[in-house]
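Those sequence lines, one after another, are chains A, B, C and D.
Residues in the first sequence are numbered from 53 upward in steps of one, following this note's numbering.
Residues in the second sequence are numbered from 53 upward in steps of one, following this note's numbering.
Residues in the third sequence are numbered from 53 upward in steps of one, following this note's numbering.
Residues in the fourth sequence are numbered from 53 upward in steps of one, following this note's numbering.
Presented below is the structure to which this report refers.
Protein chains: 4
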Amino acid sequence: MEKPAPKAHTGNRRGRRSRQEILDATARVMSVRGYAGTSMSTLIKETGLPRSAFYHHFESKAGLLSAVMSQGAHDYFDAMREAHRDPPEGGTPRERLGWYLRRTGEVFEHREEFLRLLLVLVMSNEAAEAPEALRTVIAVRDEGRDYMRHMIRSSFLSEGEEIANAVADALAHFGMAGFDGAFVSLQSEDGKPISEFMEQLADSMTALGEALIARR
Amino acid sequence: MEKPAPKAHTGNRRGRRSRQEILDATARVMSVRGYAGTSMSTLIKETGLPRSAFYHHFESKAGLLSAVMSQGAHDYFDAMREAHRDPPEGGTPRERLGWYLRRTGEVFEHREEFLRLLLVLVMSNEAAEAPEALRTVIAVRDEGRDYMRHMIRSSFLSEGEEIANAVADALAHFGMAGFDGAFVSLQSEDGKPISEFMEQLADSMTALGEALIARR
Amino acid sequence: MEKPAPKAHTGNRRGRRSRQEILDATARVMSVRGYAGTSMSTLIKETGLPRSAFYHHFESKAGLLSAVMSQGAHDYFDAMREAHRDPPEGGTPRERLGWYLRRTGEVFEHREEFLRLLLVLVMSNEAAEAPEALRTVIAVRDEGRDYMRHMIRSSFLSEGEEIANAVADALAHFGMAGFDGAFVSLQSEDGKPISEFMEQLADSMTALGEALIARR
Amino acid sequence: MEKPAPKAHTGNRRGRRSRQEILDATARVMSVRGYAGTSMSTLIKETGLPRSAFYHHFESKAGLLSAVMSQGAHDYFDAMREAHRDPPEGGTPRERLGWYLRRTGEVFEHREEFLRLLLVLVMSNEAAEAPEALRTVIAVRDEGRDYMRHMIRSSFLSEGEEIANAVADALAHFGMAGFDGAFVSLQSEDGKPISEFMEQLADSMTALGEALIARR
DNA sequence: AATGAATGAGCATTCATTCAT
DNA sequence: CATGAATGAATGCTCATTCAT
């Protein structure tokens, strides 16, 4: 009837290393199975780390998702900033926009996991229990829209600042949807490369922009 | 603190009626919380129907999802067929394509629930346990692509059959992504109406098509 | 990676019977180890019933305690009512009070489990999570105090109603403490029978009462 | 949502100080929530001391309880010895017993925490894992009974040593129960002061003693 | 002497499902 | 056809404890 005193262990203590391992595994699995569809046990099996390591590093499952999203967002923002540094100086709007979108496509291609998880969280509301994660989602989308506006504006700046702004306002929404659509189709369709889609998107948006300018 | 006796649900409920009630509640809840995030208990509370009614009408949770998807797909196909009946005879490609896309947008707007669930299942693979549902998902997307091709082809038929086919092949993918993007932004963004996006998409695709034709 | 469909069982379904079995085991174990000190697993081992039977019959661990207390209180009230039916008509206050206390002692002796649990809950506040149980505890003590007052009043009624009431008011608190003390010592001390204590308590209270009357 | 970094606790805290802080917090919390109901984590939060400080100063949770009980008992014994030093020389048994009980009541009033914890441990057996603590509990009760005997004997010594001893033997048990009951009612009942109860107890025991003497 | 990181066993609870009626 | 009772497996999480420093 007496409780047996719990025995301690002797094992590999990996410390810092394991925290990142957990984040990686979580991003990997959750981006495929969703938040609710990913059990802690799955992650435990996946990493081989002890159950308690998860709760040592993160407060809860929700906290873990938040951390994953936060890290992913950080890395994504960095990559976008890096990718859009030193845009080409001259050229036509089409050329400049093409450059931007091509670079963005590359960023996307290397961040499938994060973006898939992001989109799953956007679509379903299943992560309502992780409000911090949801806030990150919104921040990423807001920043994404800002980037989009910036790309358009920069590309059309040769037409004058006022026009560039007007075009950016008119097309930002469409551009974002283009990104979303590109990413969805990257997930669901057979191997069409994202770069091809980005070229078509650049053509589209340039045409849309020019029509807008002509109409003024 | 003891379990409250569950409410009796208007006695001897007729089978058909409760079956549909279950399907509706499932679509509603799952499209928001995802498959794994939706427990049978939630659906039971939501409907007020007895636990066993679910297993009476459906084989399992996976079977329930399959039925939901199947019914949703059926209705969606019907609506698309209906919406695209009697396209305008003459007009420019832009006008014809615009007509198609506007009609499609309307179909989307009335089927948010189903399409959200569809997209959640496309993005996450959490419904791997419901292969039949997954097959429906793929069927819907395939048929969607066919519709897209059909719309483009019909719109450009005035340019000759060969050209129309070439344009359809070149733009189908882009158009699908446009649909996906439109729907994602319908979910996440503030109240921009889908119709506006569809007009921009029509403009885009027409421009893309015309450029393609000119290049030949 | 696919979730294996949970297998069902084939076992003894005991129904109603098991509910009472759970209540009994819970009272037995919790009265010894306290609320927090009693794990669901312990009760499961103790009863041999499946884990889920507990949650089928009761909402939670707290709800289980509440049910135990509620049933125990019900039985206790019944026993007290039964024991104090048909008090002796004549006799001295000492004789009448002795009769009451002797009968009460017998009720106590047969309800050690419930009363121990009750006292544990009174002393420690560990069951703060089971407010319904706590309410029962308070109800039992309130009713106990009422009984005490009734016993004293009835015993001293030969001295006139006003005096009987005054004595009851003055001694009720002391009497309750006597009960509590009797029960504590029943738990902790070697085999002193409770009956002996009750006789001393009857003597004490009679003396206290008479002194009070004399002082008026 | 990530774990907040635990507050540093004023740097290099001196051993002695934190040891006592732990003992205090443990007594405070355990006397309310019981042994099993009090987790190490709770105590850590309560004190703000680092987790390991607990295991630095005490062997285990059980060892911590033992230390708390041991220190409490020590202090309690000291207080009793101090309180009962210099009893009044002359006077009636009632007066002398009253003096003793009043003094004891005061000791009780200032040691609610310890005595509540003691009584919780007496009633429930939840601390079976801390045998040393249980031994302390028994020692305190034994010593308590000895004190009780001593008080009664001293109070009745004017009647001769033999009689005093006989009365002490006969009433010690009742007196202990009186103490227990007083303490329980101190916990559960509205603000009746313990002093009033002690007076009634003194009256009672004197009456009991005198009746015993008369009967000889 | 003192501590932050790490851990396996156990916690209360919910899960999707099946049984007898 | 329809249902309330019952169930084993898994869920997210906390526990008391020990390690390296």
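From the three backbone atoms N, C-alpha and C, an ideal C-beta is built for every residue, glycine too.
If you draw a straight line from the Cα of residue 108 of chain A to the Cα of residue 131 of chain A, it is about 30 Å long. Fully enclosed alpha helix (DSSP H) runs of no fewer than 4 residues occupy 92-99, 103-109, 113-135 and 145-161 of the stretch 85-166 of chain D, in order along the chain. Here the stretch 79-89 of chain B does not lie against the stretch 250-265 of chain A, with fewer than 3 beta-carbon pairs under 8 Å apart. Counting along the chain, residue 217 of chain A sits inside the alpha helix (DSSP H) bounded by residues 213-240. With distances taken between CA atoms, residue 105 of chain B lies nearest to B:69 out of B:69, B:135 and B:252. Among the residues of chain B, those whose CB is under 7 Å from the CB of residue 178 of chain A are 85, 86 and 89, following chain order.
Contacts with chain B (Cβ-Cβ distance below 7 Å) from the stretch 161-188 of chain A involve 168, 171, 172, 174, 175, 176, 177 and 178, listed in chain order. The closest CA to that of residue 201 of chain B, considering only B:223, B:214 and B:140, is found on B:223. Shown in chain order are the members of the stretch 251-266 of chain B whose Cβ falls below 7 Å from a Cβ of chain A: 252, 255, 256, 259, 260 and 263. Under the three-state reduction of DSSP output, residue 182 of chain C falls in the coil class, being neither helix nor strand. Judged by pairs of C-beta atoms under 8 Å, the stretch 237-250 of chain C does not touch the stretch 234-243 of chain D, as fewer than three such pairs exist. Proximity of residue 229 of chain B to chain A, defined by a Cβ-Cβ separation below 9 Å, is satisfied. Taking C-beta separations shorter than 7 Å and ignoring five residues to either side along the sequence, the partners of residue 125 of chain A in its chain run 188, 191 and 192, following chain order. Rounded to the nearest whole angstrom, the CA to CA distance from residue 120 of chain B to residue 90 of chain B is 14 Å. Between the beta-carbon of residue 142 of chain B and that of residue 247 of chain B there is about 23 Å, and that puts the pair past the 8 Å contact cut. For residue 178 of chain B, the closest of A:257, A:88, A:72 and A:75 by C-alpha to C-alpha distance is A:88. Neighbours of residue 232 of chain B in chain A, taken as residues at a C-beta separation under 7 Å, are given in chain order as 232, 233, 236 and 237. Judged by their CB atoms, residue 153 of chain C and residue 173 of chain C are not nearer to each other than the 9 Å cut-off. Interface with chain D (9 Å Cβ-Cβ cutoff): residue 244 of chain C is included. One thing to note: residue 204 of chain C has its Cβ within 9 Å of the Cβ of residue 257 of chain C. The CB of residue 98 of chain A never comes closer than 9 Å to any CB in chain B; the least such distance is about 15 Å. Among the residues facing chain A, residue 112 of chain B is not included, as its CB has no counterpart in that chain under 9 Å away. Within chain B, the C-beta atoms nearer than 8 Å to that of residue 249 of chain A come from 225, 226 and 229, in chain order. The three-state secondary structure of residue 243 of chain A, taken from DSSP, is coil. Residue nearest to residue 184 of chain A within the set A:116, A:254, A:268 and A:266 is A:116 (criterion: CA-CA distance).
In the three-state reduction of the DSSP assignment, residue 208 of chain D falls in the helix class. Pairing residue 234 of chain C with residue 209 of chain C, the inter-Cα distance amounts to about 26 Å.
Cβ-Cβ distances below 6 Å link residue 230 of chain A to 253 in the same chain, with the five nearest sequence neighbours on each side left out; the list follows chain order.
Look at residue 241 of chain B: its C-beta is under 9 Å from a C-beta on chain A.
Sixteen is the threshold: since fewer than 16 other Cβ atoms of the shown chains lie within 10 Å of the Cβ of residue 111 of chain D, the residue is exposed.
When 8 Å is used as the limit between beta carbons, residue 80 of chain A is near no residue of chain B, the shortest such separation being about 12 Å. If you draw a straight line from the Cα of residue 265 of chain C to the Cα of residue 226 of chain C, it comes to about 16 Å. If you ignore the 5 residues before and after residue 207 of chain A, its C-beta comes within less than 6 Å of the C-beta of 145, 148 and 149, all in its own chain and listed in chain order.
Within chain C, the C-beta atoms nearer than 7 Å to that of residue 193 of chain D come from 240, in chain order.
CA-CA distance, residue 84 of chain C to residue 176 of chain D, rounds to 5 Å.
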